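Protein chains in written order, with the numbering used here: chain A, 1 to 478; chain B, 1001 to 1487. Here the structure comes first, spelled out in structure tokens, and everything after it is commentary.
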Amino acid sequence: MSTEYEAVIGLEIHVQLSTKTKMFCGCELSFGDDANVHTCPVCLALPGVLPAPNRTAFEYALKIGAALDCELSSFNSFDRKNYFYPDNPKAYQITQAVNPFAVNGKLGEVRIHHAHLEEDAAKTIHTGGAGRIQGSDASLVDFNRGGTPLVEIVTEPDLHSGAQVREWGQLLRATIKQLGVSDVNMEEGSLRCDANVSIRPAGSSELGTKTEMKNMNSFRFIERGIDAEIARQKALVEAGEPVVQETLHFDPSTGELHSLRSKEEAHDYRYLPEPDLVPVVPTQAMLDEARNSLPELPAARAARYEEIGVSEQAALLLSFETDWAEYFEGVLAAKKGVDPRVAANWVTGELSAELRKQDEQPLAETKVEPAALATLIGLVAEKKISHGAGKTVLEEMVASGADPETVVADKGLEQISDSGELEKIVIQAIEDNPKPSEQVRSGNEKAIGALVGAVMKATQGRADGGEVNRLLRQHLGL
Amino acid sequence: MGNNTELLAASGAETAAQIAAGEVSAAEVLDFWLARAAGDGLNGYLWQADRDSALSGVADSGGPLAGAPIAIKDIFCTEGVPTTAASKILSGYVPPYTATAVGHLRAAGMPMLGKTNMDEFAMGSSNENSAFGACLNPWDTGRVPGGSSGGSAAVVAGGLAPWSLGTDTGGSIRQPAGFCGIVGLKPTYGAISRFGMIAFASSLDQCGPLTRDVTDAALLLAALQGRDEMDSTSVGIEGGIEAPSAERLDGLTFGVPRDLMREGIEAGVLARFEDTLIRIAELGGEIVDIELPHAEHAISAYYVLAPAEASTNLSRYDGVRYGLRASDEDLLSMYEVTREEGFGPEVKRRIMLGTYALSSGYYDAYYGGAQRVRTRIVEDFQDAFGQVDFVVTPTSPTVAFELGEKTADPWSMYLSDIFTVPISLAGVPAISIPAGLAEPEGGGPELPVGFQIAAPAFAEQKLLEAAHALEGAIGFDGSAALEGGLA
């Protein structure tokens, strides 16, 4: 009998704060500007400069700490983390190694070990070769990003699969996004995730040797990368070989894992207290403000929606995007008695799809008022029009902002309520489509779909799907 | 009016007063001092200003010290003016900004005469660690001026500048002031902004004046001190600083840490120290024996802490963005060859010491232990200042030593800071004033002896008053060296 293995995963997530200026100087934060235009003596680490901490970065960090249900520290200090690399102009990074701003939190089922403030490195670009420093012709450094305020969130090893990491990561991203303290855009690097992965026999409480996976830039890639690493470690252990502590890079285009460095090559960062900064002691007012200013966070909002009957999936979708949640609540408020579950499905399903289809319209710019959508949902719920006709109406509403009742009248989309008329169309559809009809009669019930489609086409979607099904089955002798 | 003899003899305050009274123009004063500086026979200057740029925008500013020129240690960044910290690794480096302290002097109306020689990155006690050659003592050019602010002390004592700006990490203002027979003040850590001052050991570095007398030191401190948004460790001195006027020491107590002075002090130095204690008593002050039980460990702790901070402060000199780039073969050789060629032996020694002290597995034993000693020393001084107003010692155990005398023995060089380092670790202010001349232990012409007075944190005004009273009673005359600066 083979051993069952359990994966143990902890995350280190870097969040770039969206302050106006950098962590320790007055340079503007930017993305995509010309290289090295947002620099000054401080962030270039010229001789003689000193860091001056950004108060707003502290306020933003405290909000993140509060949202992650952490204890907020009343004593913050900074340390130097020393390493040589051209993207690190002082050759040390200022970070909080000993007294971070937040400890002992929790988001969902995952405990937060701590969160600390630090500064981001500059960006290196290696020209020629494979884009890595080895084999490149030249290396260029863009210091625009250097010194951007970063919050690093370190979880306890409470995660166990790639899918769980993806889901939790999405919750974390949505939570921080709602605080308005970061763009949390993984492609632009304002949210970056490293994962520590190990495996152990299921039920064991000991931790196996871990590997670290660096800088994956989407939660889908993280899920795939972690699953690939778990599989690799299982294969090693089952073959009786040891897992070696190393840092890995996952290449999403090939699905392969490459070793970046082994434990032996690991840096000795020679931490020391940063003598250029005095400890920062947030006032009680700052700590209170961080907690009191929190909006309703995604986890709480999703729970509230599920309580009123919204499906889990729709509840998550809505609560991850504040503007969608507000739209949804606008629909509920516009019409008494609208079923929240149905309304949520219309918002996250049909409306979202139609906006995407019509030139990727953002929700903020839609001509469809929540009240109009509520009216449309009512027409369908009251069976005045079919669900299919509802979609046709919505298409027109998204395109022109038309009133749903007007569209129904203009296009003659009222549901066929005369069952005699519908029955004729059903009989005709069976005659016109002998092959699927025969298949259904001989027991292949799935073939009925083609017949439903034919009826819907003939009625331009004005028939009630349930009634069509009933009549078809009746005439096919089921 | 003002003939050359009068200009040379005038203190900084007197020069500023003469200009303000219209007796002499700022341009005449600058011309005189630039001509003196051009005759530098001490290797005191690494760079000298040209007349027009030095005068532009400062001399007619109406500032309190308008037109009184000053020499600046080459550790301060000065926009458009080469700044090297006496290191080959910054040879030719021209900063795009000016240090806050230098900006304050400019705002006070002071033209910059030039940038002075120093030990590389302020690491040294003799100025022999300069990449651009040793600086000489104007009292005896076969001897060192002290360090690291050796150039700043030598040009003032040798009549090549009326006053100067230096920095002090473990004694780098006080010891050269003592060796050169002038006044050197290290203010409380945090009194003056460090922004734009090239860092050696950030938790200890503090800039301060080197001057002919105590009044000049007070005037410069008044211009220099203050909170700076760019330096979050700066706080300034509450209430500011005024020119001192005290002539008596009645009711003040002076603590002498005899345990620290048991050995290694030259007889001549000790004699001038004891003479000065008598002067204190004559002025109404009281001498009390005190203990600083942990001060004997100060040098050991200092030579862990300062190199540890230095090892990280100096990591930025990597050949990537500015200064020397000795190789661009690949990244590692750019780092290694640049730093191998760019740093001198004492800087390398301290980088290695500091790197070792911070290494994984050694941190607590070395850096952690040294921090604990530092805390004890801070407490020692708090206890002492609970009993006395001031703590006094010789500034250094010896007078200026000969060039090359201690270069082969770093530990004996380090011991020349035995009385200044504990005060640096405690972060409190101290001043060195000339206490007379003494014959060196090996014989030879008499050389200046420094007398150090330390006060509680931010008690600079009180310190300057006491130093002013004592200075009057000592009546030291340093004019013998004023012509020693010319080649």
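C-beta: ideal position from N, C-alpha, C; glycine also. Small disclaimer: the values here were computed from a predicted structure and weren't measured.
- Query: Just to confirm, are valine 110 of chain A and leucine 159 of chain A a CB contact at a threshold of 8 Å?
  - Reply: yes
- List, in order along the chain, the chain B residues whose C-beta lies closer than 8 Å to that of asparagine 76 of chain A? Result: empty, since nearest Cβ-Cβ is about 13 Å, beyond 8 Å.
- Message: Cβ closer than 8 Å: which chain E residues qualify as neighbours of phenylalanine 84 of chain A?
- Response: Protein chains A and B are contained in the structure displayed, whereas chain E is not.
- CA-to-CA distance, alanine 300 of chain A to valine 154 of chain A, given in whole angstroms: 22 Å
- What three-state label does DSSP hand isoleucine 425 of chain A in the structure shown? helix
- Query: Roughly how many angstroms separate the alpha carbons of leucine 171 of chain A and tyrosine 92 of chain A, rounded to a whole number?
  - Reply: 32 Å
- Message: Please classify glutamine 96 of chain A as buried or exposed, where buried requires at least 16 other C-beta atoms within 10 Å of its C-beta.
- Response: buried
- Message: Checking 8 Å against the spacing of the C-beta atoms, do isoleucine 1280 of chain B and leucine 1249 of chain B come in under that value?
- Response: yes
- Item | proline 1397 of chain B versus alanine 1295 of chain B: straight-line alpha-carbon distance, rounded | 15 Å
- Item | In DSSP terms, what tyrosine 1097 of chain B is bridged to | None; tyrosine 1097 of chain B has no bridge partner.
- Use the C-beta contact count for threonine 1233 of chain B: other C-beta atoms within 10 angstroms, 16 or more gives buried, fewer gives exposed. buried
- Query: Buried or exposed: which applies to asparagine 1137 of chain B, given that a residue is buried once 16 or more other Cβ atoms fall within 10 Å of its Cβ?
  - Reply: buried
- Message: Alpha carbons only, please: which of B:Ser1416, B:Ala1035, B:Ser1091 and B:Ala1068 is nearest the one belonging to alanine 1107 of chain B?
- Response: B:Ala1068
- chain B within 8 Å of isoleucine 94 of chain A, Cβ atoms only: no
- Reference lysine 90 of chain A, options A:Ala122, A:Ser218 and A:His267, closest by Cα: A:Ala122
- Query: So the beta strand (DSSP E) histidine 475 of chain A belongs to, where does it begin and stop?
  - Reply: Premise fails: histidine 475 of chain A lies in the alpha helix (DSSP H), 465 to 475, not in any beta strand (DSSP E).
- CB contact below 8 Å: methionine 1230 of chain B versus chain A: yes
- Where aspartate 1494 of chain B falls, given that 16 or more other Cβ within 10 Å makes a residue buried: Nothing can be reported for residue 1494 of chain B, as the shown portion of chain B is limited to 1001 through 1487.
- Query: Nearest-angstrom Cα distance between alanine 174 of chain A and proline 149 of chain A?
  - Reply: 19 Å
- Of all the beta strand (DSSP E) runs that stay within the bounds of the region 1163 to 1214 of chain B, which reach a length of 3 or more residues? 1164 to 1168, 1183 to 1186 and 1206 to 1211
- Item | Burial state of threonine 283 of chain A (16 or more Cβ within 10 Å) | exposed
- Does DSSP put leucine 44 of chain A in a helix, a strand or coil? coil
- Item | C-beta atoms of asparagine 1043 of chain B and asparagine 1117 of chain B nearer than 8 Å | yes
- Task: Report yes or no: is there a C-beta of chain B within less than 8 Å of the C-beta of valine 278 of chain A?
- Result: yes
- Message: Pull the bridge partners of lysine 1073 of chain B from the DSSP assignment, please.
- Response: B:Thr1116
- Message: Within 8 Å of any Cβ in chain B, is that where the Cβ of alanine 91 of chain A sits?
- Response: yes
- Query: Between which two residues does the beta strand (DSSP E) harbouring methionine 216 of chain A extend?
  - Reply: 211 to 216
- Query: Taking buried to mean at least 16 other C-beta atoms within 10 Å of its own C-beta, is isoleucine 132 of chain A buried or exposed?
  - Reply: Note that residue 132 of chain A corresponds to arginine in the displayed sequence, not to isoleucine. By the neighbour-count rule (16 or more Cβ atoms within 10 Å), arginine 132 of chain A is not buried but exposed.
- Query: Apart from the five residues on each side of it in sequence, which residues of its chain come closer than 7 Å, Cβ to Cβ, to glutamate 187 of chain A?
  - Reply: Asn217
- Message: Would leucine 44 of chain A pass as an interface residue toward chain B - the criterion being a Cβ-Cβ separation below 8 Å?
- Response: yes
- Message: Which residues does DSSP list as the beta-bridge partners of tryptophan 1047 of chain B?
- Response: B:Lys1115
- Message: Distance check for alanine 67 of chain A and glycine 390 of chain A, CA to CA, integer angstroms please.
- Response: 40 Å
- Count the other CB atoms within 10 Å of the CB of glutamine 1382 of chain B; is the residue buried (16 or more) or exposed (fewer)? exposed
- Message: I need the DSSP call for leucine 11 of chain A, collapsed to helix, strand or coil.
- Response: strand
- Task: State the CB to CB distance for the pair lysine 63 of chain A and serine 259 of chain A, rounded to an integer number of angstroms; the pair is presumed to be in contact (CB under 8 Å).
- Result: Wrong, their Cβ atoms sit about 38 Å apart, outside the cutoff.
- Query: If you run the structure through DSSP and keep just helix, strand and coil, what is proline 53 of chain A?
  - Reply: coil
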